[in-house]
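Here's the structure, in structure tokens; my notes come after.
Numbering (full-length UniProt numbering), first residue to last: 1 to 355.
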């Protein structure tokens, strides 16, 4: 069975970084929808598409012909085996990430046959070795929540030697997860449904699984110290994420290197608004909040120093003189202002409030 373009296909297409590339890999291409998107965005680029299912490769070839995609390379095989020894500017994958119990029935389009979330783990671990410097790997994934182990630590441990942004968009408990995928395979209401449902729950119980996370993973091969963020974002974010995914990773890397003494100018990110909360008529607000009206739509409670910087930082002046001016205007000690900025600005840079 080969599925057509669906919700997951659209999610991945909106995630892919907006960046010109020369060669790219669509791993687990299915009907070829991602490769078609990439070809239209990067005319003239070399495209390789792989899949373990020969019928998927046939249908992908038809998709390419109908869409005017010429010269795409179609290779059979699992994971990165078909392209061993090669490197790419971009790897994208909507992989068979569904975590299902072992048995004689497997839906190849959604299940890898590997235990648990091993397919996604192996792809994350291996992909950086197949990227050119500055190259990206972006995929949708499911991951297990295991009793006694924070999911952030467990999934974050998959990453080695590259920048990474891992986002959990949803979580389902074992019962919800089993019901979702049994409906997907049209088994709800069949005589086998109860036995299949119990098999999923028994499997999760044996493995200590308390839930399954849904999300996306962006990796970037960089020469510097890796910047890694693993987080949960359940709220609606600005689409397409690919329009600013590179900026997110740049912000994480910049936060790692930041200090007020580095001489680097800062600018408040576009689309910031400031909210002040307090009783009507009060001289000073009880709380100040910076809120992003676009992109990841984060909000952060800030103090006088950060709020002041958001109002004056435009990327043209070094940070030191601005902090000294804020200290003079507020009557605060200049050394304390700089120390406070050193403590709080890295997180605000990583979160995209300053660039």
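Note that the Cβ used here is the ideal one computed from N, Cα and C, for glycine as well.
Taking all protein chains shown into account, do 16 or more other C-beta atoms lie within 10 angstroms of the C-beta of residue i, making it buried, or fewer, making it exposed?
i	result
residue 336	exposed
residue 76	exposed
residue 34	buried
residue 24	buried
residue 78	buried
residue 316	exposed
residue 95	buried
residue 276	exposed
With DSSP as the reference, label residue i as helix, strand or coil.
i	result
residue 71	coil
residue 156	helix
residue 138	strand
residue 233	coil
residue 301	strand
residue 209	strand
residue 349	helix
residue 19	coil
residue 115	coil
residue 218	strand
residue 342	helix
Go to residue i, then tell me how far its beta strand (DSSP E) extends in each direction, as first and last residue.
i	result
residue 88	88 to 93
residue 277	272 to 277
residue 2	Per DSSP, residue 2 belongs to no beta strand (DSSP E) and is neither H nor E.
State the start and end residues of the unbroken alpha helix (DSSP H) segment that holds residue i.
i	result
residue 324	319 to 330
residue 53	Counting along the chain, residue 53 falls outside any alpha helix (DSSP H), and DSSP gives it neither H nor E.
Round the Cβ separation of residue i and residue j to the nearest angstrom and send it over; I've been treating them as touching at under 8 Å.
i	j	result
residue 229	residue 252	5 Å
residue 193	residue 178	In fact, because the Cβ distance is near 10 Å, the residues do not count as touching under 8 Å.
residue 322	residue 309	6 Å
Measure the C-alpha to C-alpha separation of residue i and residue j and round it to an integer number of angstroms.
i	j	result
residue 352	residue 170	22 Å
residue 137	residue 88	9 Å
residue 214	residue 141	6 Å
residue 231	residue 20	27 Å
residue 260	residue 156	29 Å
residue 90	residue 285	47 Å
residue 341	residue 125	36 Å
residue 344	residue 224	23 Å
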